[in-house]
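Heads up: the sequence shown begins at 130 in our numbering, then just goes up one per residue. Only one structure is covered here, and it is reproduced in the block below.
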Amino acid sequence: MEVENPVHHYRWLIVTADGRQHWLNARGLSRVETLDSEDFRIAAGADAPDWAAESVMYQVFPDRFARSDAADSRQTPDWAIAAGWDDPVDVQPPARSQQFYGGDLDGVREKLDHLVNLGVNLLYLTPVFPGRSNHRYDAWSFAEVDELLGGDEALVRLVEAAHARGIRVIGDLTSNHSGDGHEWFTSALADADSDEAAFYYWLDAVQAELAPDESASAADAVDASYAVTDAAPSALPRRKYVSWLGVPSLPKFNWNSEALRRRFIEGDESVVARWLRPPFNLDGWRIDVANMTGRYLDEDHNAEVRRIIRRTMTEVNPDTILLGESTNDAAGDFQGDAWHGAMTYANFTRPLWSWLLVPGSTAFGGLGFALGMVPDFTGQEFVEAHTRFAAGFPWRTRLGAMNALDTHDTPRFATWARPGVTPVALGLSVTLPGIPVVFAGDEFGLTGEDGEASRTPMPWSTTGEVEVAERIDLYGALIGLRRAHLALSTGSMRWLHVGDDVLVYVRESASEAVLCVAARADYDVALAPTALAGADAATSAFGAGHLAASVDGIRLQGSGPSFSAWVLPGVSAVTAA
130 MEVENPVHHY RWLIVTADGR QHWLNARGLS RVETLDSEDF RIAAGADAPD
180 WAAESVMYQV FPDRFARSDA ADSRQTPDWA IAAGWDDPVD VQPPARSQQF
230 YGGDLDGVRE KLDHLVNLGV NLLYLTPVFP GRSNHRYDAW SFAEVDELLG
280 GDEALVRLVE AAHARGIRVI GDLTSNHSGD GHEWFTSALA DADSDEAAFY
330 YWLDAVQAEL APDESASAAD AVDASYAVTD AAPSALPRRK YVSWLGVPSL
380 PKFNWNSEAL RRRFIEGDES VVARWLRPPF NLDGWRIDVA NMTGRYLDED
430 HNAEVRRIIR RTMTEVNPDT ILLGESTNDA AGDFQGDAWH GAMTYANFTR
480 PLWSWLLVPG STAFGGLGFA LGMVPDFTGQ EFVEAHTRFA AGFPWRTRLG
530 AMNALDTHDT PRFATWARPG VTPVALGLSV TLPGIPVVFA GDEFGLTGED
580 GEASRTPMPW STTGEVEVAE RIDLYGALIG LRRAHLALST GSMRWLHVGD
630 DVLVYVRESA SEAVLCVAAR ADYDVALAPT ALAGADAATS AFGAGHLAAS
680 VDGIRLQGSG PSFSAWVLPG VSAVTAA
């Protein structure tokens, strides 16, 4: 079928034998007329790389993952508060962003076999550029890897070693802002007529100059943010500027600047392109706060910026992936014109937490919950929330959405999880449409009450403990389930039963189908004989659930919390029979 529009909407009208009409769209069946925003969509742009939908992602926060021997020879920078690997994370300022454990990229490389054993095949590194924080989202340069991580050569070694093991590597790039110590920002401060001065939004004319002996910092005030850094001249103008969420150390880019576009995102010599080419060979980018990029007051350059990034990446290496962070309703920006997938919490993470966390749990630091409290969802409400937000994506973009239990910006799932629900949560992550995500340390059972507290150093010394070993084995088994069955990567999706405490669904492809049961309590579910073809040939693939098929229907029973899966014949086999 030829599709002329960039995005083509469609829905089905189903008329039953008794004359009743039902609309079928991306949210499911409806007796009443449906919204255009919930239509199925065909996006006409180029697809994501073939490998994207088959990926299982492992997220690493470099400072907290592993230290190589070389880390011991590096000096602690002046901005940092040194910590021993087993010291607790300090979430109070200034340690919140400055506590420094000294993990590095050679440390990540030396632990790659752990990733191989888990079965993951996509490594996502949070920023590796130099900054003045442990998270490095306040980049001082995009031209080099932080020497504290081992420098450019360490990234080359890591990517080469990962590729040799069948693991792709993507980086983390902030297109919304730089750090206030970035060479572009300090150049802008030093010369109001420079190209770099147009890279940012200024809220005033030059007000005054700081005396050489005046020690002010960009963190002094939001309304009158100063930028005085170690790399700056002895006297800089005192300026007001726009920053990310009012954080003075993160001045916001002004994408009206053609020079910024050329230097950062457009063409073979741009920042975006450089790290995808040899010798670095990154396999793609996750773009931080993608939803805020290019948006200020009545200006909106977001679509232009993301499309330029995508075009540059395609020109350099069409086999790369582009993911964008958008923490709430992301659908409007994710219609196939640029992003291959979304890092968003609205369609998976928040509904999952609301179904599987202890009622009344707090979610400090976000996840977007009103009042910081996690709602108590039934299974029906989980599915309603999940499908409401996922319905806005074209199918192929939905396949690229990150199914994260948690990330470096959220509390750890295990902190407030109901007893025994980890297999349920991870089972949903690896079997629902999207890219499964493991935030490093989840497989060890790490906890943390907010994003910073969740960035605990990896407890490598505990791998021999029974509980930890069992949890790692669980992760390996469920990741293995995902990777063994293509239907779980690209197959269609049908909900078969949605109850308060149990969800039954099937992923189907031409060659196979995978039936899944996610339960937070004991269950006994009866399905009509027409609900699922080939159930009599089902073989257990995971879990201890029981399936019985007869002419009267299909019965699923098991104890909970639990996750179970069965492999069935595919659509082609059933149709042929």
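Beta carbons are placed, not taken as given, at the ideal position from N, Cα and C, and that holds for glycine.
TODO: Locate the alpha helix (DSSP H) running through Phe-711, then write down its first and last residues.
DONE: Nothing about residue 711 can be read from this structure; the chain reaches only from 130 to 706.
- [ ] Assign Asn-476 to one of two classes, buried (16 or more other C-beta atoms within 10 Å of its C-beta) or exposed (fewer than that).
- [x] For the purposes of this step, residue 476 is identified with residue 347 of the sequence shown, where counting begins at 1. Buried, since its Cβ has 16 or more Cβ neighbours within 10 Å.
Task: Gly-308 beta carbon less than 8 Å from that of Ala-272 - done: Mapped onto the sequence shown, residue 272 falls at position 143. Mapped onto the sequence shown, residue 308 falls at position 179. Between Ala-272 and Gly-308, the C-beta spacing is not below 8 Å.
- [ ] Under 6 Å Cβ to Cβ from Pro-658, same chain only, skipping five residues before and after it: list those, please.
- [x] To locate residue 658, count along the sequence shown from 1; it is residue 529. The residues are Gly-682.
Task: Runs of beta strand (DSSP E) wholly within the stretch 578-661 (minimum 3 residues, chain order) - done: Taking only runs of at least 3 residues, the beta strand (DSSP E) segments lying wholly in the stretch 578-661 are 621-627, 631-637, 641-648, 652-656.
Task: Coarse secondary structure for His-243, derived from DSSP in three states - done: Numbered from 1 along the sequence shown, position 114 holds the residue referred to as residue 243. In the structure shown, His-243 sits in a helix (DSSP, three-state: H, G or I).
Task: Own chain partners of Met-186 with C-beta closer than 6 Å, once the 5 adjacent residues on each side are dropped - done: As a first step, residue 186 is located in the sequence shown; it is residue number 57 there, counting from the start. Excluding residues up to 5 positions away in sequence, Leu-251, Tyr-253, Ile-564, Val-566 lie with their Cβ nearer than 6 Å to the Cβ of Met-186 in the same chain.
Task: Rounded Cβ spacing between Arg-265 and Val-274 (contact assumed at less than 8 Å) - done: Looking up residue 265 in the sequence shown gives position 136. Looking up residue 274 in the sequence shown gives position 145. 10 Å between Cβ atoms; not a contact.
TODO: Taking all protein chains shown into account, decide if Asn-457 is buried (16 or more other Cβ within 10 angstroms of its Cβ) or exposed.
DONE: Counted from its first residue, the sequence shown places residue 457 at position 328. The residue is exposed, with fewer than 16 neighbouring Cβ atoms inside 10 Å.
TODO: Sort Leu-318, Ser-583, Phe-671 by Cα distance to Ala-492 and report the nearest one.
DONE: Start at 1 with the first residue of the sequence shown, and residue 492 comes out as number 363. Ranking Leu-318, Ser-583, Phe-671 by Cα distance to Ala-492 puts Ser-583 first.
Open item on the list: DSSP three-state label for Val-700, please.
Closed with: Indexing the sequence shown from 1 puts residue 700 at position 571. Helix.
- [ ] Alpha carbon to alpha carbon, how far is Gly-396 from Gly-620? Give it in angstroms, no decimals.
- [x] Within the sequence shown, the letter at position 491 stands for residue 620. Within the sequence shown, the letter at position 267 stands for residue 396. If you take the alpha carbons of Gly-620 and Gly-396, they lie about 36 Å apart.
Task: Run of the beta strand (DSSP E) containing Phe-671, from where it starts to where it stops - done: Here residue 671 refers to the residue found at position 542 when the sequence shown is read from its first residue. It spans 668-671 - the beta strand (DSSP E) in which Phe-671 sits, taken as one unbroken run.
Task: Any alpha helix (DSSP H) of 4 or more consecutive residues that is wholly inside the stretch 271-313 - done: Fully enclosed alpha helix (DSSP H) runs of 4 or longer: 280-293.
Open item on the list: Given this structure, state the Cα-to-Cα distance separating Ile-601 from Thr-516, to the nearest angstrom.
Closed with: Numbered from its first residue, the sequence shown carries residue 601 at position 472. Numbered from its first residue, the sequence shown carries residue 516 at position 387. Roughly 30 Å separates the two Cα atoms.
Open item on the list: In the DSSP output, which residue or residues are listed as bridge partners for Lys-381?
Closed with: Here the question's residue 381 lines up with position 252 in the sequence shown. Lys-381 pairs with His-306.
TODO: Mind checking who Arg-424 pairs with in its DSSP beta bridge?
DONE: Within the sequence shown, numbered from 1, the residue matching residue 424 stands at position 295. Looking at the DSSP assignment, Arg-424 forms a beta bridge with Asp-429.
Open item on the list: One question on the structure: do Leu-485 and Arg-547 come within less than 8 Å of each other, judged by their Cβ atoms?
Closed with: Taking the first residue of the sequence shown as position 1, residue 485 is located at position 356. Taking the first residue of the sequence shown as position 1, residue 547 is located at position 418. Between Leu-485 and Arg-547, the CB-CB gap stays under 8 Å.
Open item on the list: Please list the terminal residues of the continuous beta strand (DSSP E) segment that includes His-151.
Closed with: Counting from one through the sequence shown, the residue named residue 151 turns up at place 22. Taken as a continuous stretch (DSSP letters only), the beta strand (DSSP E) holding His-151 covers 150-154.
Open item on the list: Using the three-state DSSP reduction, which class does Thr-255 fall into: helix, strand or coil?
Closed with: Walking along the sequence shown from the start, residue 255 turns up at place 126. Residue state for Thr-255 is assigned as coil, using DSSP reduced to three classes.
TODO: Verify whether the separation of the beta carbon atoms of Val-719 and Leu-617 is less than 8 Å.
DONE: Since the first and last residues shown for the chain are 130 and 706, residue 719 lies out of range.
Open item on the list: In this structure, how does DSSP classify Asp-349 when only helix, strand and coil are distinguished?
Closed with: Residue 349 sits at position 220 when you count from the first residue of the sequence shown. Unreliable placement is indicated for Asp-349, whose pLDDT of 31 sits below 50; the coordinate value is still reported in the next sentence. Asp-349 sits in coil when the DSSP states are folded into three classes, being neither helix nor strand.
Task: 8 Å CB neighbourhood of Ser-638 in its chain, flanking five on each side removed - done: Working through the sequence shown from its first residue, we reach residue 638 at position 509. Once the five neighbours on either side are set aside, the close Cβ partners of Ser-638 are Leu-615, Ala-616, Thr-619, Gly-620, Ser-621, Gly-699, Val-700.
Open item on the list: Quick check: what's the CA-CA separation for Ala-773 versus Arg-424?
Closed with: This structure does not reach residue 773, given that the chain is present from 130 up to 706, and the question cannot be answered.
Open item on the list: I'd like the ranges of any alpha helix (DSSP H) spanning at least 4 consecutive residues and lying wholly in the stretch 512-569.
Closed with: For the alpha helix (DSSP H) assignment, the uninterrupted runs of no fewer than 4 residues enclosed by the stretch 512-569 are, from N- to C-terminal side, 524-528, 542-545, 551-560.
- [ ] Could you tell me which residues DSSP pairs with Tyr-139 in its beta bridges?
- [x] Here the question's residue 139 lines up with position 10 in the sequence shown. Note: Tyr-139 sits in a beta bridge opposite Phe-169.
TODO: Compute the beta-carbon to beta-carbon distance between Gly-300 and Asp-233, rounded to the nearest angstrom, for a pair I have assumed lies under 8 Å.
DONE: Sequence index remark: in the sequence shown, residue 300 carries index 171 (1-based). Sequence index remark: in the sequence shown, residue 233 carries index 104 (1-based). Separation of the CB atoms of Gly-300 and Asp-233 is rounded to 15 Å, and the pair is thereby denied contact status at 8 Å.
Task: Contact under 8 Å by Cβ, Gly-529 with Ala-460 - done: Taking the sequence shown and counting its residues from 1, the one referred to as residue 529 is at position 400. Taking the sequence shown and counting its residues from 1, the one referred to as residue 460 is at position 331. Ala-460 is positioned such that its CB atom lies no closer than 8 Å to that of Gly-529.
TODO: Please classify Leu-374: is it buried, with 16 or more other beta-carbons within 10 angstroms of its beta-carbon, or exposed?
DONE: The residue given as residue 374 occupies position 245 in the sequence shown. It is exposed - the Cβ of Leu-374 has fewer than 16 other Cβ atoms within 10 Å.
- [ ] Check Ser-490 in the structure and name its three-state DSSP category.
- [x] Working through the sequence shown from its first residue, we reach residue 490 at position 361. Reduced to three states, the DSSP call for Ser-490 is coil.
Open item on the list: Going by C-alpha to C-alpha distance, which of Glu-581, Asp-466, Asp-207 sits closest to Pro-135?
Closed with: Within the sequence shown, the letter at position 6 stands for residue 135. Checked all of Glu-581, Asp-466, Asp-207; the closest Cα to Pro-135 is Asp-466.
Open item on the list: For a quick check, are the C-beta atoms of Leu-610 and Ala-670 less than 8 Å apart?
Closed with: To locate residue 610, count along the sequence shown from 1; it is residue 481. To locate residue 670, count along the sequence shown from 1; it is residue 541. Between Leu-610 and Ala-670, the gap from beta carbon to beta carbon is short of 8 Å.
TODO: Identify every run of the beta strand (DSSP E) within the stretch 167-228, keeping only runs that are complete inside it and at least 3 residues long; order them along the chain.
DONE: Whole beta strand (DSSP E) segments, 3+ residues: 169-172, 186-189.
Open item on the list: If the criterion is Cβ atoms closer than 8 Å, does the pair Val-245 and Phe-194 meet it?
Closed with: Taking the first residue of the sequence shown as position 1, residue 245 is located at position 116. Taking the first residue of the sequence shown as position 1, residue 194 is located at position 65. No, the Cβ-Cβ distance between Val-245 and Phe-194 is not below 8 Å.
Open item on the list: Measuring CB atoms only, is the stretch 428-436 touching the stretch 312-328, in the sense that at least three cross pairs come out at less than 8 Å?
Closed with: Segments in contact, no.
Task: Outcome for Val-161 when other beta-carbon atoms lying within 10 angstroms are tallied against a minimum of 16 - done: By 1-based counting over the sequence shown, the position of residue 161 is 32. Counting C-beta atoms within 10 angstroms of its own C-beta, Val-161 has fewer than 16 neighbours from the protein chains shown and is therefore classed as exposed.
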